[in-house]
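In the working numbering, the protein residues as written are 1 to 172. Using N, Cα and C, we set each Cβ at its ideal position, and we do this for glycine too.
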């Protein structure tokens, strides 16, 4: 609706907007909620899929000739983390059997933490972060059930395009 004013002898046009109609026909339809967003393109697959892919590329453990268990024994796999790990043991292994740390960048398998698998390997979750994995390599004491003689902590850190081992590897 338009009204005309002649104040100060200059005609002015003012546009008045009518209130919205109360009729349901005149209202625009309510938009459906947006669909759930797909996972971020920077995140990788779930742990089972990533592990299966990595194990397909991992050769048998050279000393025993055994393959690797498909169930992890530890790790902090995160498909969105710059660096995470999954620990796997040889098939039919025991507590002292070789363990390999499989390293992942945002769900993509990068390789193993060390070229050699070590027994008594565990994740130090308290010291690990989104871009750093800390592994503890225990050197057995007098017996396998005894307290370790020593523990070597090794930090692995994502460097933008590769993983770098920041500490010396455990003793052989």
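Contact annotation: residue 137 and residue 153 have beta-carbon atoms nearer than 9 Å.
Here residue 123 is actually not in contact with residue 65; their C-beta atoms are around 26 Å apart, not less than 8 Å. Taking the CA atoms as reference points, residue 90 sits about 15 Å from residue 57. Counted as a single uninterrupted DSSP element, the stretch harbouring residue 138 is not any alpha helix (DSSP H) but the beta strand (DSSP E) occupying residues 132 to 139. Inclusion of residue 103 and residue 134 in the CB contact set at 9 Å is not warranted, their separation being larger than that value. Per the coordinates, the alpha-carbon of residue 84 lies some 32 Å from the alpha-carbon of residue 142. If you draw a 10 Å sphere on the C-beta of residue 166, you find fewer than 16 other C-beta atoms in it, and that means exposed.
Judged by DSSP in its simplified three-state form, residue 101 adopts strand. Of the candidates 61, 71, 86, 170, the residue whose Cα lies closest to the Cα of residue 125 is 86. Residue 118 and residue 139 have their C-alpha atoms roughly 9 Å apart. Distance from the CA of residue 52 to the CA of residue 97, rounded to the nearest whole angstrom, comes to 21 Å. Residue 61 and residue 78 have their C-alpha atoms spaced approximately 25 Å apart. DSSP places residue 53 in the uninterrupted alpha helix (DSSP H) bounded by 47 to 57. One Cα belongs to residue 68, the other to residue 88, and the distance between them is close to 6 Å. Taking all protein chains shown into account, residue 99 has 16 or more neighbouring C-beta atoms within 10 Å of its C-beta and is therefore buried. Residue environment for residue 63: exposed (fewer than 16 other C-beta atoms within 10 angstroms of its C-beta).
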